[in-house]
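K.L.:
Got a structure here, written out as structure tokens. Questions coming.
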Amino acid sequence: MNLEECRTRIDQIDEKILELYLERMNIVIEVAKYKKEQNLPVLHPKREQEIIVKQRSKAPEELKQYVEALYQTLMETSRAYQNELLK
């Protein structure tokens, strides 16, 4: 594959990532509603750590730190959105 083909493929993958991210954030709305109804905190450190450990274990060794960073960012943005929804 040449550089242009690589970039085209990355663009296609990015579209799928965005679609899944938007789907994830729509579910975050439901999570925020539930947490509000049940008077639960937005942050659940144990759950977040479980997710990071699970996803890191699926990644090749050389990508583990990047998978962890990705999931930390996903959870951080999810928490921020939940906090915004709960104002």
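Taking the working numbering, the leading residue of the sequence shown gets 233, the next gets one more, and so forth.
Where a beta carbon is used, it is the ideal one built from N, C-alpha and C, also for glycine.
#1: Looking only at its chain, what residues have a beta carbon closer than 8 Å to the beta carbon of L275, apart from the 5 residues adjacent to it on each side?
#2: For K319, name the three-state secondary structure that DSSP assigns.
#3: Taking the alpha carbon of Q314 as the point to measure from, which residue in Q281, E251, A264 and L235 has its own alpha carbon closest?
#4: At what residues does the alpha helix (DSSP H) containing V263 begin and finish?
#5: Taking DSSP as the reference, what is the three-state secondary structure of L306?
P.N.:
If we stick to the structure as given:
#1: In the sequence shown, counting from the first residue as 1, residue 275 sits at position 43. The answer, listed in chain order, is R311.
#2: Position 87 of the sequence shown, counted from the first residue, corresponds to residue 319. Secondary structure at K319: coil, using DSSP grouped into helix, strand and coil.
#3: To locate residue 314, count along the sequence shown from 1; it is residue 82. Nearest C-alpha to Q314: A264.
#4: Here residue 263 refers to the residue found at position 31 of the sequence shown. Unbroken alpha helix (DSSP H) run through V263: L235 to E269.
#5: Position 74 of the sequence shown holds residue 306. Reduced to three states, the DSSP call for L306 is helix.
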